[in-house]
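Visitor:
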Amino acid sequence: MYKRSHLKIIIALIFIICASLTFPYIIEAETSDILKGIAKHNSVSVYNNTDNDRIAIKNYTKGSILYFKNYNEEWYIAEVFKDGQLTMGFISSDDIELLNLTNQKNLIGLSNNKVNIYSKLNSSSTVLKTYRTGHILHYRSYSDEWYQATIYINNQATTGYINKNDVETLDLTSQTLKKGLTISRTTVFTQPNQLSSNLKSYNKGHILTYKSFSDNWFEATVIINDKHHTGYINKNEVETLYQEPQILLNGIAIDKTFVFSKPSSDSSSLKSYKSGHILWYKTFSDNWYEATVFLDDQSYTGYIKKDSVDALSDSNVSLKGYALRHTNIYHQPTRSSNIIKSYPEGHLLSYEDFSGNWYRAKVYLNNRLITGYLLKQDTRDQHKTSDIISQYALNPETAVYSELSAVSNPIKTYRYGKKLLVRPFTDSWYSAEVYKNNRLTKGYIKKSDTTSQLPTSKNIVNPNQVYTYSQMKSDIIKLKEQYPHLITIKSVGTSLNGRDIPLVKLGIGDTKITINGSHHAREWITTNLIMEQIDYYSSAYVNRTFLNGLDIRELLNNVSIYFVPMVNPDGVLLNQHGPAQFSNAQQLLSINNNDNDFSSWKANSRGVDLNRQYPAGWNRITNNSIGPSSENYKGSAPLTEPESRAMYNFAKKHDFKTHVSYHSTGEVIYWSYNATGSLLRTSENIAKLISDETGYGLMYNSYIYSNGGYTDWVIDSLKKPGFTIEISPFVANKPTPLSNFTRIWNQNKAIPAILMNEAHINRFNR
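Structure follows, in structure tokens:
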């Protein structure tokens, strides 16, 4: 008997120990007021006390079910087995989610994606079963993160757990009946899953009836072979219609507005209305209105796309505002109607609200008050105050004007780089408050005279390379982006093969000079020089560099240099890369004596020497090739070539005080041609300035050596100083070596500054 009772006690203890080790819960000494909860964190500890020096005596993983009693607001008390002994411990209330299973609710839900049923309250536990997307599941409320479900495995009922994020709980007790419009071809599926079978499909514009079901699906009943079937429609495929009652509205036709037979732009058009026509219609859906139209005295229901009408305003509030730009008053609320009147930018206008896009205004025309319409986007409410922003003065003297006009009196001026506090006012103007005679005065600054960020200098051009046409084009764009206020890009024309001949205007002054290069293909190093000059002088302006004692910023504020870096882009390409890229490659090879080496090529892509094309002594040109050639062929007449014609027209269009044409070999300056009198004296003075800086020799009586050249024509016809500057020691019939560039740059770096200074000083003398 004694042995039997001891045996029972031993068996009981073994069972308790095994249970505590097998199941993740805490066994209580007493059963009164026992609570049940879930471990909330990855590791939940039971401590030996509640003090700061407490020690963990046991740990449980997230999702473990635990039993305990209340101790105080911050702690629970529990008994756990440690080393075979029942030990008192404490659990932080922050580590536990309490369970209340007395009021569990039966729920129905929809699997959002693939849904796993887990054996424990932990996504790392064993997966008991899996359901695919769109499956309808039954489960019970359980905890903040989990539902409890009963599933069957081998015909045995088993309890499992579903993570709340994996399902969408449905409320099928209060489903509402809705009507909707198919946006495209719409499918009714057998399950709320687009991978399920197709019950039925409807074309775009069909009106369907369905019920609310889930966040992404509607439930619908369809009839197939006289039998009712429940199906599901994806919410993205239908546009729910507005509930009754419909509201009567009116609006203006935008452009040509169609009334369709169905709420689909693919359906037939019942009727159309021109822009500005006022239409009446009723609410229907998010994208459509419903309208009644009459055809042959019969009424028809049709549909108008919302974005094709401009709804009229409910109230006609009187307003005032400024014209943001040149603003027209139209006879009808459409830009295609007649313009009644126009107002300049900044004019204060009176009008009233009319529609989403239009105001209505009263204006006088021939002493009669008539109604017109102006676009809302053309005005700015007079009471609207824009935020103050910072801008910087771009001009040498950036003016604050008394009115919105550059011909009005300047109240004040600011130097380049001065920080300005302004408010956006119209498209072209800022408003600003400045002190004049110790009084705060409102004025206006042209937006084009300011910038939000002053440019910084940056080295862009690398002149120590075979400088190609594409590299030049790329660098010109980068220079414009870096110095937008200082550089303007245009074109003097196009080459024989359609290549743009870029023009780079550097500076903001009224006095003009011009410098060009690469009339001759093999002399492309002149393009290297000009591009480096543009790069250097742009940077010098920003940094206020002084060169030869001259303030570059001041010079470029007074003078603009018009650079044409590459007059002959086709010839340069041919010289550097051969004829492969030309449609007349065989003809070019023939001109070049069937030699693939075009490094001596001087002409354009038709074999015409562009610097023998100008109408100055053209008939007297000597050493002329008898036909198209790599060099020296003057063409059949002056200005037959598009490149020389472009330069001729460009030079005649502008009042350049000085012209420079860079060429590459000889280190001499051609300057006089047939000049006489004051032109000869002026040209000689400038030629000596260039010679003193570069060390190049002066060629007197240059008409003996040259005819038909660009500067020959400038001197002969335009009566302006023109200088052909040969920049390198003599090189016979080949491109100038790049090793010469440092010498060339040192000799010519200051030439633009010297020419600008001279032109500005003598701007009224020629």
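625 is the number that the numbering used here gives to position 615 of the sequence shown; each next residue is one higher, with no gaps. For each residue, glycine too, the CB sits at the ideal point set by N, CA and C. Note that the structure is a prediction, hence the values are computed from the model and not measured.
1. Taking only three categories from DSSP, how would you classify S593?
2. In whole angstroms, what separates the C-alpha of S467 from that of K759?
3. Should K612 go down as buried or exposed, given a rule of 16 or more other Cβ atoms within 10 Å for buried?
4. According to DSSP, what are the bridge partners of H239?
5. Rounded to whole angstroms, what's the CA-CA distance from A29 to N122? Just pull it up for me.
6. DSSP three-state label for I696, please.
7. Take every Cβ of the segment 238 to 248, pair it with every Cβ of the segment 256 to 274, and state whether three or more of those distances are shorter than 8 Å.
8. Starting from the Cα of T478, find the closest Cα among N62, I737, T536 and H495 and give me that residue.
9. Per the contact definition of three or more C-beta pairs closer than 8 Å, is the segment 280 to 294 in contact with the segment 251 to 262?
10. Just to confirm the assignment, what range does the beta strand (DSSP E) spanning E6 have?
11. When you compare each of Y291, I761, M709 and L598 to V670 by their alpha carbons, which one comes out closest?
12. Can you give me the C-alpha to C-alpha distance between L280 and L414, rounded to a whole angstrom?
13. Using only alpha-carbon positions, find the residue among R433, R622, E653 and S639 that is nearest to T632.
14. Taking 6 Å as the cut-off, does the CB of A763 come closer than this to any heavy atom belonging to the ligand ZN?
15. Tell me whether S346 is buried or exposed, calling it buried when 16 or more other Cβ atoms sit within 10 Å of its Cβ.
16. Unbroken beta strand (DSSP E) runs of length 3 or more, entirely within the segment 601 to 689: which are they?
17. Within the continuous alpha helix (DSSP H) that includes L566, where are the two ends?
18. Here's the rule: buried if 16 or more other CB atoms are within 10 angstroms of the residue's CB, otherwise exposed. What is N620?
19. Roughly how many angstroms separate the alpha carbons of N275 and T196, rounded to a whole number?
20. Does chain C have any CB closer than 7 Å to the CB of S467?
21. Can you tell me whether V552 is buried or exposed, with buried defined as 16 or more other CB within 10 angstroms of its CB?
22. Find out if the Cβ-Cβ distance for the pair I487, L516 is shorter than 7 Å.
23. Quick one: residues in its chain with C-beta nearer than 8 Å to the C-beta of I349, no 5 flanking neighbours on either side, listed in chain order?
24. Taking all protein chains shown into account, decide if H673 is buried (16 or more other Cβ within 10 angstroms of its Cβ) or exposed.
25. Going by alpha carbons, who is nearest to L431 out of Y445, E249 and N419?
26. If you run the structure through DSSP and keep just helix, strand and coil, what is K490?
27. Would N578 and S646 qualify as a contact pair, given that the criterion is a beta-carbon distance under 7 Å?
28. Given a cut-off of 7 Å on the beta-carbon distance, is the pair G588 and N606 in contact?
29. So what's N113 in DSSP terms, helix, strand or just coil?
30. Spell out the partners DSSP gives M98 in its beta bridges.
31. Is DSSP giving V741 helix, strand or coil here?
32. Within its chain, find whatever has a CB closer than 8 Å to the CB of L379; leave out the 5 residues flanking it on each side and keep chain order.
33. For S709, write down the residues that DSSP places opposite it in a beta bridge.
34. For a quick check, are the C-beta atoms of P202 and L147 less than 7 Å apart?
35. Measuring CB atoms only, is the segment 579 to 586 touching the segment 554 to 571, in the sense that at least three cross pairs come out at less than 8 Å?
36. To the nearest angstrom, report how far apart N326 and I118 are at their CA atoms.
Guide: Considering the structure as presented:
1. It is coil, neither helix nor strand.
2. Roughly 17 Å separates the two Cα atoms.
3. So K612 ends up on the buried side.
4. In DSSP, H239 forms a bridge with V232.
5. Because A29 sits at a pLDDT of 43, beneath the cut-off of 50, its placement in the model cannot be relied upon, and the point is left open.
6. For I696, the three-state secondary structure derived from DSSP is helix.
7. Taking 8 Å as the limit for Cβ pairs, the verdict is that the segment 256 to 274 does not touch the segment 238 to 248.
8. Comparing Cα-Cα distances from T478 to each of N62, I737, T536 and H495, the minimum goes to T536.
9. Note that the segment 251 to 262 touches the segment 280 to 294; at least 3 beta-carbon pairs, one per stretch, sit closer than 8 Å.
10. Nothing can be reported for residue 6, as the shown portion of the chain is limited to 11 through 776.
11. Nearest C-alpha to V670: I761.
12. One C-alpha to the other measures close to 50 Å.
13. Comparing Cα positions, the closest option is R622.
14. The ligand ZN is not among the ligands present in this structure, which contains no ligands whatsoever.
15. With fewer than 16 other CB atoms across the displayed protein chains lying within 10 angstroms of its CB, S346 is exposed.
16. Considered as a whole, the segment 601 to 689 harbours 666 to 673 and 678 to 680 as its complete beta strand (DSSP E) runs of no fewer than 3 residues, in chain order.
17. Element bounds for L566: I562 to N568.
18. In the sequence under discussion, the amino acid at residue 620 is Leu, which differs from the Asn named in the question. Looking at its Cβ environment, which holds 16 or more other Cβ atoms inside 10 Å, L620 is buried.
19. The sequence shown places Ser at residue 275, rather than the Asn named in the question. One C-alpha to the other measures close to 16 Å.
20. Absence of chain C from the displayed structure is noted, only one protein chain being present.
21. With 16 or more other Cβ atoms within 10 Å, it is buried.
22. It is not a contact, given that the beta carbons lie outside the stated cut-off.
23. Same-chain partners within the cutoff: N338, I339, Y340 and H341.
24. Burial check for H673: the Cβ neighbour count within 10 Å reaches 16 or more, so the residue is buried.
25. When C-alpha distances from L431 are compared across Y445, E249 and N419, the shortest belongs to Y445.
26. Residue state, collapsed to three classes: helix.
27. It is not a contact, given that the beta carbons lie outside the stated cut-off.
28. For G588 and N606, yes; Cβs fall inside 7 Å.
29. In the structure shown, N113 sits in a helix (DSSP, three-state: H, G or I).
30. Beta-bridge pairing links M98 to E89.
31. In the three-state reduction of the DSSP assignment, V741 falls in the coil class.
32. Result list for L379: K372 and V373, in chain order.
33. It should be noted that the sequence gives Met, not Ser, for residue 709. The secondary-structure analysis by DSSP pairs M709 across a beta bridge with Y680.
34. Cβ distance not < 7 Å, so P202 and L147 don't count as in contact.
35. No: fewer than three Cβ pairs fall under 8 Å.
36. Rounded to whole angstroms, N326 to I118 spans 53 Å at the Cα level.
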